[in-house]
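Let me begin by presenting the structure, written as structure tokens, before commenting on it.
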Amino acid sequence: MVPDEAALRRLRADVRAFLDEERALGNFEPICDSWLEGHDPGFSRRLAQRGWVGMTFPPAYGGHGRSALERFVVNEELLAAGAPVAAHWIADRQTGPLLLRFGTEEQRRDLLPRIAAGELYAAIGMSEPDSGSDLASLRTRAARTDGGWIVNGTKVWTSHAHRSHIMLTLVRVDPPSQEDRHGGLAQFIVDLGAEGVTVSPIRVMTGEAHFAEVALRDVFVPDAMLVGQVGDGWRQVTSELAYERSGPERFLSTYPLLAALADEAPASAEAELGRLGARLWALHLLSERVNRAIEDGSADMVQPALVKDAGTRLEQEIVEIAREVLDEVGGGSATVRRLLHQATLAAPAFTLRGGTNEILRTIIAKASVA
Amino acid sequence: MSTTERQALAEVVSAMLAPEPEGLPEGELDTRAWTTLRDAGMHLLLVDPALGGSGGTFADLAVVLRAAGAHASSVPLAEASVAAALLARCGMPPPEGLLTLQLVDSPRPDSSPPVPFGRAADHLVRVEAQPDGGALVRLADARRATATHGANLAGEARDHLSLRDDAFRDVGLLPSWWDVRLLTAACRAMLIAGAVERIRLLTVRHATERHQFGQPLARFQAVQDLLVQTVAAAHTAGAICDHLAERMDPDASALSAGPAVAAARVVTGEAALSASRAAHQVHGAMGFTTEHPLHRFTRRALAWRDEDGSDVTWRRRLGARLRDGGSATLWALVTDDRGPLSARSAS
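Chains A and B, in that order, give the protein sequences.
The first sequence begins at 1 in the working numbering and counts up by one.
The second sequence begins at 371 in the working numbering and counts up by one.
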């Protein structure tokens with residue numbers, strides 16, 4: 001049941017009050033890209049205690065039975081504030097919904113309550129060194145063995161794998177056919193602490209190493225850790241992508257910088273501020289619309305892709321405008337300079353992650369002429 | 371009106387405006403379209419039923435204006451609708467005939483900005499800003515004016531009407547000139563959104579139907595990129611205008627929707643440019659000719675950016691508000707926008 005406008009406003013106010021408390025206690029400082037770079041298990045647990053992790057999971061599995069729109073509203077507030085939500089982000093955003101939709105009852109009972117408690121963290125095991133945009137070409141294999149499967153392969157770009165408990169791993173079980181190169185794939189819940197799993201951090205140009213390469217050498221995965229059926233892999237992943245692309249992290253990553261800029265910009269920068277602000281407003285409206293559509297089951301491929309394409313480019317443009325504006329005032333405060341520095345180095349990745357903008361535009365174009 | 375009713379209204383108006391006249395000289399009134407709209411009372415949506423209107427809301431008018439924009443109708447529907455609404459607010463039933471509108475924010479009484487379709491209008495409603503911020507609403511018989519023809523970028527009639535001061539009759543005093551400015555600016559946003567949507571449609575159709583190198587243009591990735599720009603422009607403009615339409619008070623008072631009006635003008639302005647550029651690129655040389663319909667929409671979209679306050683000015687106004695309010699302002703506006711946008715001119 002979707003709450004009315006007044007209830008959503010109250011929810012925003014509640015989250016803001018929580019964030020005020022957290023800031024007052026010195027528990028976090030705003031950063032850009034906080035859903036990726038702000039890994040803080042303590043914060044995740046405290047957020048979960050307020051009922052804001054696993055919001056859309058049914059109460060029977062430790063969740064709160066709330067709507068996609070309410071979850072969207074909470075996450076918008078968290079990202080606008082640059083709060084450290086990275087630890088639980090993947091598990092909450094897509095692993096939980098995946099298990100609810102395709103998982104076994106045992107998997108749901110075992111994992112969902114811990115995700116909702118902000119205690120179980122998940123990584124995405126999809127991309128490989130030779131399979132990025134062309135995910136279906138992946139080579140990680142699972143072969144049947146007694147009581148389970150033996151998995152071999154390498155996954156890459158797995159954010160926070162070294163700090164996560166499980167990795168949702170897309171593997172090839174059966175060979176693809178001519179008619180269906182997406183067939184024969186499956187997802188497994190791989191215990192990142194299992195024997196044969198080696199997690200190696202990958203340092204990126206921001207200086208951070210939250211990415212990782214996960215090598216899987218004869219890793220035994222029990223039958224109970226297969227998500228759904230063999231052959232379901234592609235369908236599961238496509239459904240996860242819809243969740244991944246519809247969120248506020250696709251246009252709010254550099255919002256903390258824009259907010260700080262409003263305090264320090266000279267009058268001559270008003271036109272630029274107005275332009276950025278108006279665009280952000282439109283993206284918020286589009287993203288909200290996507291989440292309402294998820295709610296009533298009418299979600300399509302085009303709108304989330306549009307939000308991600310336009311949103312991530314806005315995130316980048318905020319960085320460059322900020323630099324120019326701050327140059328006029330001699331660089332700005334230490335806070336805004338820190339945010340600008342961080343955002344500048346993170347910026348190239350905005351339009352790459354979660355599906356490159358080029359791929360998304362192909363999706364939009366194809367849907368538009370269909 | 372409910373959403374379903376509004377959708378029905380959009381379809382009705384679209385059907386009325388769909389016979390787009392080929393060969394109507396630029397600047398001329400589309401008399402057939404005007405008569406059809408007038409007979410259906412489409413210009414009286416904001417007028418109280420007691421004064422002959424249908425007592426609708428801005429959201430209803432928005433739907434009609436988007437259709438007008440999408441059909442590049444040569445009718446001053448926005449101007450006529452606002453003019454009628456203002457007269458009604460002063461207690462006067464709108465007169466028969468074509469109404470047009472002129473807003474004057476200068477203290478100089480002889481200031482006479484160009485009047486949309488001044489040459490074809492029966493009545494001119496002139497709204498003069500008062501020193502206290504109020505609006506003096508005046509009415510004149512436009513046919514008594516000496517009209518010097520002018521045009522905007524799209525060739526739409528923007529005429530200088532020479533009228534003596536005593537040709538005007540004072541109809542009433544409204545509390546806020548800025549409110550009227552915001553209302554006309556909001557109307558302009560809706561027109562632009564309609565035009566951008568039509569530009570998207572034309573572009574998708576062209577890319578699908580036009581073949582080169584043995585395949586439709588739409589198969590080429592570089593062309594797909596351009597198509598996406600028109601789709602993105604239409605969705606973005608549509609979303610901000612949907613929000614603005616809801617946001618305006620039922621009695622169309624725009625004052626508290628100021629920031630939303632500014633945001634809508636900024637976004638539709640950008641959408642007009644990006645959609646027009648991408649559309650012309652896809653349509654090639656054919657789309658650049660007057661023979662092809664595309665220019666009727668792209669020129670309007672571009673021209674309308676500069677009317678009822680240019681989008682550049684609206685950027686500055688919104689930016690000034692953000693700067694004045696500080697770091698929490700944008701988020702407050704986006705999530706729960708309330709409150710005014712200052713009328714003070716931005717630097």
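Cβ atoms here follow ideal geometry from the backbone N, Cα and C, with glycine treated the same way.
Treat the numbers as computed from the prediction; the structure is a model and nothing was measured.
Establish whether the CB of residue i and some CB of chain B are separated by less than 7 Å.
i	result
W281 of chain A	yes
A310 of chain A	yes
L11 of chain A	no
G82 of chain A	no
V171 of chain A	no
L69 of chain A	no
F18 of chain A	no
H160 of chain A	no
L306 of chain A	yes
S368 of chain A	yes
A259 of chain A	yes
Step through the CB atoms of chain A and report whether any lies within less than 7 Å of the CB of residue i.
i	result
W701 of chain B	yes
T470 of chain B	no
G628 of chain B	no
Q594 of chain B	yes
T543 of chain B	Per the sequence shown, the amino acid found at residue 543 of chain B is Leu instead of Thr. No, no contact with chain A.
A556 of chain B	no
V601 of chain B	yes
A588 of chain B	yes
Over what stretch of residues does the beta strand (DSSP E) that includes residue i continue unbroken?
i	result
T95 of chain A	Looking at the DSSP string, T95 of chain A is not in any beta strand (DSSP E), and its letter there is neither H nor E.
E498 of chain B	H493 to A499
T104 of chain A	Premise fails: T104 of chain A is in no beta strand (DSSP E) and is neither H nor E.
F43 of chain A	From DSSP, F43 of chain A is part of no beta strand (DSSP E) but of the alpha helix (DSSP H) over P41 to Q49.
D191 of chain A	L185 to D191
T705 of chain B	It is not in any beta strand (DSSP E) - T705 of chain B instead sits in the alpha helix (DSSP H) that spans T699 to D706.
In the DSSP assignment, find the unbroken alpha helix (DSSP H) run with residue i in it and report its ends.
i	result
F658 of chain B	G628 to F658
V219 of chain A	Not the alpha helix (DSSP H): V219 of chain A falls in the beta strand (DSSP E), residues F211 to P222.
Q316 of chain A	V302 to E328
T374 of chain B	T373 to L387
N75 of chain A	A68 to A80
Starting from the beta carbon of residue i, find every residue of chain B whose beta carbon is closer than 7 Å, and list them in chain order.
i	result
I321 of chain A	Ordered by position in chain B, no residue passes the 7 Å Cβ test against I321 of chain A, which lies about 11 Å from the chain.
T254 of chain A	Correct list: empty, because the minimum Cβ distance to chain B is about 13 Å.
A242 of chain A	Neighbours of A242 of chain A on chain B: none; closest Cβ ~17 Å, over 7 Å.
Can you tell which of the options has the C-alpha that lies nearest to the C-alpha of residue i?
i	options	result
P175 of chain A	A:A87, A:L185 and A:I166	A:L185
L326 of chain A	A:Q342, A:P266, A:V369 and A:P59	A:P266
L596 of chain B	B:L506, B:A429, B:A565 and B:H653	B:H653
G564 of chain B	B:L688, B:H441 and B:G397	B:H441
A632 of chain B	A:L273, A:G193 and A:A278	A:A278
D191 of chain A	A:A161, A:P348 and A:E37	A:A161
S133 of chain A	A:V151, A:I150, A:V156 and A:G118	A:V156
T312 of chain A	A:G330, A:I321, A:R353 and A:T335	A:R353
Output the distance between the C-alpha atoms of residue i and residue j, rounded to the nearest integer angstrom.
i	j	result
G148 of chain A	M167 of chain A	17 Å
A491 of chain B	S443 of chain B	15 Å
G525 of chain B	P129 of chain A	57 Å
V230 of chain A	L99 of chain A	15 Å
S717 of chain B	S268 of chain A	Residue confidence is low: S717 of chain B scores 32 on pLDDT, short of 50, so the model does not pin down where it sits. No coordinate-derived value is stated.
D92 of chain A	W35 of chain A	12 Å
E244 of chain A	A527 of chain B	49 Å
A344 of chain B	R46 of chain A	As displayed, chain B neither begins before 371 nor continues past 717, which places residue 344 of chain B out of reach and without an answer.
P501 of chain B	M301 of chain A	53 Å
E213 of chain A	V704 of chain B	39 Å
W404 of chain B	L394 of chain B	14 Å
H605 of chain B	V452 of chain B	26 Å
M371 of chain B	G439 of chain B	21 Å
L399 of chain B	A577 of chain B	32 Å
E29 of chain A	L339 of chain A	11 Å
G679 of chain B	V566 of chain B	19 Å
L614 of chain B	L285 of chain A	11 Å
In chain A, which residues lie with their C-beta within 8 Å of the C-beta of residue i?
i	result
T374 of chain B	Neighbours of T374 of chain B on chain A: none; closest Cβ ~16 Å, over 8 Å.
G696 of chain B	A262 and D263
A633 of chain B	G277, A278, W281 and A282
Starting from the beta carbon of residue i, find every residue of chain B whose beta carbon is closer than 8 Å, and list them in chain order.
i	result
V329 of chain A	None at all; the shortest Cβ gap to chain B is about 12 Å.
T362 of chain A	Q591 and Q594
Q303 of chain A	H605
Taking residue i as the query, report the chain A residues whose CB atoms sit under 9 Å from its CB, ordered along the chain.
i	result
L672 of chain B	Within 9 Å Cβ-Cβ: nothing; L672 of chain B doesn't reach chain A, min ~17 Å.
Taking 6 Å as the cut-off, is the CB of residue i close to at least one heavy atom of the ligand GDP?
i	result
F350 of chain A	Among the components of this structure there are no ligands whatsoever, and the ligand GDP is therefore not found.
Run down chain B in chain order and give the residues with a C-beta less than 9 Å from the C-beta of residue i.
i	result
A334 of chain A	Here the premise fails: no neighbours, minimum Cβ distance about 15 Å.
Note down, in chain order, every chain A residue with its Cβ under 7 Å from the Cβ of residue i.
i	result
D706 of chain B	R9
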